Amino acid sequence: MKDLSVLHHFLGVTVEPRPSDLLLHQRQYTLDILERAGMTDCNPSSTPAKLSGDAGPPIADPTVALLVHCSYLSFTRPDITYAVQQVCLHMHDPREPHLTALKRLLHYLRGTVDYGLLLHWSSSTELVVYTDAGWAGCPDTRRSMSSYAVRLPGRQPCLLPVVSRSSAEAEYQAVANGVAEASWLRQLLAELHSPLAKSPLVYCDNVSTVYLSTNPVRHQRTKHVEIDLHFVRDRVAIGDFRVLHVPTTSQFADIFTKGLPSATFSEFRSSLNITSG
85 MKDLSVLHHF LGVTVEPRPS DLLLHQRQYT LDILERAGMT DCNPSSTPAK LSGDAGPPIA
145 DPTVALLVHC SYLSFTRPDI TYAVQQVCLH MHDPREPHLT ALKRLLHYLR GTVDYGLLLH
205 WSSSTELVVY TDAGWAGCPD TRRSMSSYAV RLPGRQPCLL PVVSRSSAEA EYQAVANGVA
265 EASWLRQLLA ELHSPLAKSP LVYCDNVSTV YLSTNPVRHQ RTKHVEIDLH FVRDRVAIGD
325 FRVLHVPTTS QFADIFTKGL PSATFSEFRS SLNITSG
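Residue numbers for the sequence shown, in the numbering used here: 85 to 361.
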């Protein structure tokens, strides 16, 4: 093994050590993407936005390479994951609105080129999970979008594999995904001899979902999600997790599942420690 001294770069990610925190950013990588697109001097945008429609003429140059680069950029910029995912869904048949959405994303990157993920040092071992689902958010399949944020780092959003028949069902599946991730982290920390002092908190902005996590009564309408029901309930029952309600105004995971107004987007981005440092 060889000591390479203090870490500064790793797989295209720049690491800036601070006295009490660590900033991970890909500023040069972002500038390279803008240069490839010929948008180095474009006007900045306040949000990456979302698709406004799917109709339109086919694109002669689908610019798939740019999307691949943007996907890698989302490692330190989880605030763009929703916009990237929305455009990537249509790369098999890209249309004019998809190119417009991609350009809007690049405009946003131009205005936030210095942003990155700020990691704070903390003596606390409390694990907090925010879960959210955008019910029937896909206009083509009506599948729901689910995502979660563990402690503060973002998570790439994903489409649930089935069409949810209610918002509570979609939210509960999002909670199950968050609990599964936190269970793995809980076990990993124990193996590293740093066990959690408290049960992880799982926050959800759907009251029905919170009730389902503790209510042992079975209902015919929840039969098709019983695996998730039992998975979460068992862990809540033995005290491994607590599922609590959080107001939508404080649901940080919203940034991964839907387009948000500029003010809300900026607030949630800051709450997730995505900053210029």
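We put the beta carbon where it would ideally sit given N, CA and C, even for glycine. Just so we're clear, the structure is a prediction, and the values are computed from it rather than from any experiment.
Only counting the same chain, and skipping five residues up and downstream in sequence, which positions put a Cβ closer than 6 Å to that of residue 360? Within the same chain, residue 360 has close Cβ partners 198, 199.
Residue 163 classed as buried or exposed, judged by whether at least 16 other C-beta atoms fall within 10 angstroms: Its Cβ being crowded by 16 or more others within 10 Å, residue 163 is buried.
Within 10 angstroms of the Cβ of residue 102, are there 16 or more other Cβ atoms? Answer buried if so, exposed if not. When all chains shown are included, residue 102 counts as exposed.
Go to residue 100, then tell me how far its beta strand (DSSP E) extends in each direction, as first and last residue. First-last of the beta strand (DSSP E) with residue 100: 97-101.
Helix or strand or just coil, what does DSSP make of residue 199? Three-state result, residue 199: coil.
Collapsed DSSP secondary structure at residue 346 in the structure displayed: The three-state secondary structure of residue 346, taken from DSSP, is helix.
Burial state of residue 258 (16 or more Cβ within 10 Å): Buried.
Uninterrupted alpha helix (DSSP H) stretches inside the stretch 99-180 (no shorter than 4 residues): At a cut-off of 4 residues, the continuous stretches assigned as alpha helix (DSSP H) that sit fully inside the stretch 99-180 are 111-120, 148-157, 165-172.
Excluding the 5 residues preceding and the 5 following residue 93 in the sequence, name in chain order all residues of the same chain whose CB lies nearer than 8 Å to its CB. Closer than 8 Å at the Cβ level, and outside the excluded window around residue 93, lie 99.
Hey, residue 232 and residue 215: beta-carbon distance below 9 Å or not? Against a cut-off of 9 Å, the Cβ pair of residue 215 and residue 232 comes out as a contact.
Got a sec? Which residues, its chain only, sit under 6 Å from residue 143 by beta carbon, not counting five neighbours each side? Correct list, in chain order: 178, 183.
Supposed contact pair residue 212 and residue 284 - C-beta distance, whole angstroms, cut 8 Å: Right, their Cβ atoms sit about 7 Å apart.
If we count Cβ pairs, one from each stretch, closer than 8 Å, do we get three or more for the stretch 278-296 versus the stretch 310-328? Contact check between the stretch 278-296 and the stretch 310-328: three or more CB pairs, one atom from each, fall below 8 Å, which counts as touching.
Closest residue to residue 111 among 332, 322, 154 (Cα-Cα distance): The option with the nearest alpha carbon to residue 111 is 154.
Going by beta carbon distance, what residues of the same chain come within less than 6 Å of residue 106, once the five residues before and after it are set aside? So the qualifying residues of the chain are 203.
Identify, in the order they occur along the chain, each residue of the same chain with its Cβ nearer than 6 Å to the Cβ of residue 246, setting aside the five sequence neighbours on each side. Residue placement at residue 246 is flagged as unreliable, the pLDDT there being 42, under the threshold of 50; a coordinate-derived value is accordingly withheld.
Give me whichever residues DSSP pairs with residue 270 in a beta bridge. None, per the DSSP bridge assignment.
Reduced DSSP category for residue 242 - H, G, I as helix; E, B as strand; rest coil: With a pLDDT of only 47 at residue 242, under 50, the local geometry of the prediction cannot be trusted, and the value read off the model is given with reservation. Here residue 242 sits in strand by DSSP.
What's the C-alpha gap between residue 293 and residue 95? Taking C-alpha positions only, residue 293 is separated from residue 95 by approximately 40 Å.
For residue 90, does the three-state DSSP call read helix, strand or coil? Coil at residue 90, not helix or strand.
With 16 other CB atoms within 10 Å as the buried threshold, where does residue 119 fall? Exposed: under 16 other Cβ atoms inside 10 Å.
Through-space distance from residue 86 to residue 333, alpha-carbon basis: Cα to Cα, residue 333 sits roughly 48 Å from residue 86.
By the 10 Å Cβ neighbour count, where 16 or more other Cβ atoms means buried, how is residue 90 classified, buried or exposed? Residue 90 should be labelled exposed.
Less than 9 Å separating the beta-carbons of residue 315 and residue 254? No, these two residues do not count as a Cβ contact at 9 Å.
Got a sec: is the Cβ-Cβ distance from residue 288 to anything in chain B below 9 Å? No chain B is present in this structure, which holds just one protein chain.
Excluding the 5 residues flanking residue 126 on each side, which residues of the same chain have their C-beta closer than 7 Å to its C-beta? Within the same chain, residue 126 has close Cβ partners 190, 191, 194.
What's the C-alpha gap between residue 272 and residue 262? Residue 272 and residue 262 have their alpha carbons spaced roughly 15 Å apart.
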